[in-house]
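Protein chains in written order, with the working numbering: chain L, 20 to 377; chain R, 20 to 377. Cβ atoms here follow ideal geometry from the backbone N, Cα and C, with glycine treated the same way.
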């Protein structure tokens, strides 16, 4: 059967529009829902979606993608699930509150780490997710088949999918996205305040400052929501940042050259080791983990891999033709295979592994 | 007379080497001084300088350019002045301590706002200063002719020269360079610390974080010097940053959506208004200011223009053929001509101005 896969995208903005474009390019039939009728019309007219639909008339056989402000996600996800969709995912940038609100095996929480300075549908691009990391946060109730289909969608858009628990995701995005954004905005305001009446002098700002503050030029409308949803993690990281900046300040005031140099050297090493866009290592190993086909297995395995710092490059679920058993097949770097196998065995799994030819 | 202009560059690293390359390309004869004999040999061998010299045998007719760590600048500048050079400039990134140490009309303190992630002579490029802002900090004792020749050198390397008082320069670079650098390094260390044992998860870091922390990858060796020389301004700005980040934190903890949005909106406006690389406006006016040809006139006029937020696109000193009088010719944006003229008259000058054809 080669009938087109179908998706319904709720929220046809920058991210939703980009997903719609990418899926259409991959041959999907995509309908769109949006509170803004003009935007919907533009989306149809410009070929971003095939047709317009509404939450009341969504198609049960479609994959639901919710791409709206993070504070509104849970309600719409629930509507789509109530309407009978088999699989629903979202792209909200904070995950724990959504995971806490929705307990349904058909919901696969997600967050593509992509974006653009250009806001809205006009910034949408089918290449938006090429090479990006797409985080999925399966929970103990996530269905394996639902997870696999969302993962496959993310990969078909060119993203690298990784699975980590929602709480860890939220802490990490506070560190690598939310607090850096707030800091960039604060630095920009501070420079503007200091240069008041001398704005032309801000042209002293060289490339480094421009790079650091570029994200502050983005539309701020999404941030109150994000900050409200991820308040605890953001406050925690901001507190640590202020303490650390205080230590830097003291090192400078005390003329502690060695202390300062040590901090900067550590930062240099960390920055140089910052992992770049995922590219699969040369030597890969397939790890097969027999599981009972029950809820929570994927979440447990993904959480273990994250704990052990093992990236999962691919994940499949092979169901046995008879009975409730299946096999989760993981593709990981060969150098880390023993580590993951050890962890799996400690949890009572009985994995086997096989190195693949390069 | 078309004899080649001569320069002696002390410190043939990233910046000194780039200046040497640019001047040689413009037809200058450039000799180099460095404490590192291997680097000097490389500089000659790779055509960065014409020949090697030493502080003991510098050529009195050459322009001296001191491009060494900021803590060592004043001593070497004094050596060059003692050796009889007519004009000496430096490229140190903190200016007030150097200005305080050297009181000589032949010294024109400077700071090209350019750099590269690539350290050392191998990163040097004749294009390093193309479009960059080159700050000059004339003092009340700076000679007009010395100032004009350094300014001309900067312009010949493709830079846009602006003149501001040393103290203002130091405060501004604390805001747009030093504190952002220290903040980038701190954010990077913090992310690294939070991701410990899960480094692969740092690949969640999208472009924004990469942009913000890129400067932290640079070699830290220059920073203890910079932080020591500009300690007061840096500590002051770091304190303000910590206070402001505390306010952001409180707005988030208190769920103050409006307060947060207001801050982010202000930052967005400021970032969008950040002056880009200097490009001359369409309508320019030449302002002619008769002066007694005495020390301090240029510094006074430049300080006034900076106070009034009027950028000086070009500056020439036309000496009268007889007597001590001269005319400082300034090229500024027509829209700001009245403002500058008013300020000049308030200081007792008698400027005249003429709009230029576009």
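Alpha carbon of residue i to alpha carbon of residue j, nearest angstrom
| i | j | result |
| --- | --- | --- |
| residue 377 (chain L) | residue 303 (chain L) | With a pLDDT of only 49 at residue 377 (chain L), under the threshold of 50, the placement of this residue in the model should not be trusted; the figure read from the coordinates follows. For residue 377 (chain L) and residue 303 (chain L), the distance between alpha carbons rounds to 7 angstroms. |
| residue 247 (chain R) | residue 237 (chain L) | 35 angstroms |
| residue 239 (chain L) | residue 230 (chain R) | 19 angstroms |
| residue 20 (chain L) | residue 41 (chain L) | The predicted model places residue 20 (chain L) with a pLDDT of 46, which falls under 50 and marks its position as unreliable, so this point remains unresolved. |
| residue 150 (chain L) | residue 175 (chain L) | 11 angstroms |
| residue 114 (chain R) | residue 196 (chain R) | 14 angstroms |
| residue 155 (chain R) | residue 266 (chain R) | 36 angstroms |
| residue 293 (chain R) | residue 178 (chain R) | 18 angstroms |
| residue 63 (chain L) | residue 189 (chain L) | 34 angstroms |
| residue 316 (chain L) | residue 163 (chain L) | 8 angstroms |
| residue 348 (chain R) | residue 332 (chain R) | 11 angstroms |
| residue 65 (chain R) | residue 280 (chain L) | 32 angstroms |
| residue 105 (chain R) | residue 336 (chain R) | 17 angstroms |
| residue 19 (chain L) | residue 352 (chain L) | Within the shown structure, residues of chain L are numbered from 20 to 377, placing residue 19 (chain L) beyond reach of any answer. |
| residue 373 (chain L) | residue 257 (chain L) | 44 angstroms |
| residue 354 (chain L) | residue 250 (chain L) | 38 angstroms |
| residue 80 (chain L) | residue 277 (chain R) | 41 angstroms |
| residue 285 (chain R) | residue 198 (chain R) | 20 angstroms |
| residue 173 (chain R) | residue 367 (chain R) | 30 angstroms |
Candidates the options: closest to residue i by CA position
| i | options | result |
| --- | --- | --- |
| residue 133 (chain R) | R:65, R:127, R:142, R:56 | R:142 |
| residue 264 (chain L) | R:318, R:209, R:252, R:243 | R:209 |
| residue 245 (chain L) | L:29, L:23, L:87, L:38 | L:87 |
| residue 364 (chain L) | L:307, L:331, L:332, L:149 | L:307 |
| residue 112 (chain R) | L:357, L:201, L:283, L:223 | L:223 |
| residue 311 (chain R) | R:346, R:286, R:329 | R:346 |
| residue 147 (chain R) | R:332, R:286, R:319, R:34 | R:34 |
| residue 200 (chain R) | L:192, L:287, L:197, L:258 | L:287 |
| residue 101 (chain L) | L:76, L:243, L:198 | L:76 |
| residue 49 (chain R) | R:25, R:371, R:30 | R:25 |
Contact with chain L by residue i, beta-carbon distance below 8 angstroms
| i | result |
| --- | --- |
| residue 145 (chain R) | no |
| residue 91 (chain R) | no |
| residue 303 (chain R) | no |
| residue 284 (chain R) | yes |
| residue 210 (chain R) | yes |
| residue 128 (chain R) | no |
Chain R within 8 angstroms of residue i, Cβ atoms only
| i | result |
| --- | --- |
| residue 228 (chain L) | yes |
| residue 316 (chain L) | no |
| residue 205 (chain L) | yes |
| residue 357 (chain L) | no |
| residue 234 (chain L) | yes |
| residue 265 (chain L) | yes |
| residue 366 (chain L) | no |
| residue 88 (chain L) | no |
| residue 261 (chain L) | yes |
| residue 380 (chain L) | A question about residue 380 (chain L) goes unanswered here, because the residues of chain L that appear run from 20 up to 377. |
| residue 31 (chain L) | no |
| residue 153 (chain L) | no |
| residue 20 (chain L) | Model confidence at residue 20 (chain L) stands at a pLDDT of 46, short of 50, so the residue's coordinates are unreliable; what they give is reported in the following sentence. Taking Cβ atoms only, chain R never reaches closer than 8 angstroms to residue 20 (chain L), which makes this a no. |
| residue 196 (chain L) | yes |
| residue 36 (chain L) | no |
Contact list for residue i against chain C, beta-carbon separation under 7 angstroms
| i | result |
| --- | --- |
| residue 271 (chain R) | The chain inventory of the structure shown lacks chain C, comprising the protein chains L and R. |
Beta-carbon proximity of residue i to residue j, cut-off 8 angstroms
| i | j | result |
| --- | --- | --- |
| residue 32 (chain L) | residue 139 (chain L) | yes |
| residue 261 (chain L) | residue 282 (chain R) | no |
| residue 159 (chain L) | residue 56 (chain L) | no |
| residue 203 (chain R) | residue 232 (chain R) | yes |
| residue 153 (chain L) | residue 184 (chain L) | no |
| residue 74 (chain R) | residue 37 (chain R) | no |
| residue 92 (chain L) | residue 107 (chain L) | no |
| residue 109 (chain L) | residue 117 (chain L) | yes |
| residue 89 (chain R) | residue 271 (chain L) | no |
| residue 27 (chain R) | residue 78 (chain R) | yes |
Per-residue burial, residue i [other beta carbons within 10 Å of its own, 16 or more giving buried]
| i | result |
| --- | --- |
| residue 291 (chain L) | exposed |
| residue 54 (chain R) | exposed |
| residue 44 (chain R) | exposed |
| residue 268 (chain L) | buried |
| residue 60 (chain L) | exposed |
| residue 23 (chain L) | exposed |
| residue 375 (chain R) | exposed |
| residue 357 (chain L) | exposed |
| residue 274 (chain R) | exposed |
| residue 361 (chain L) | exposed |
| residue 289 (chain L) | buried |
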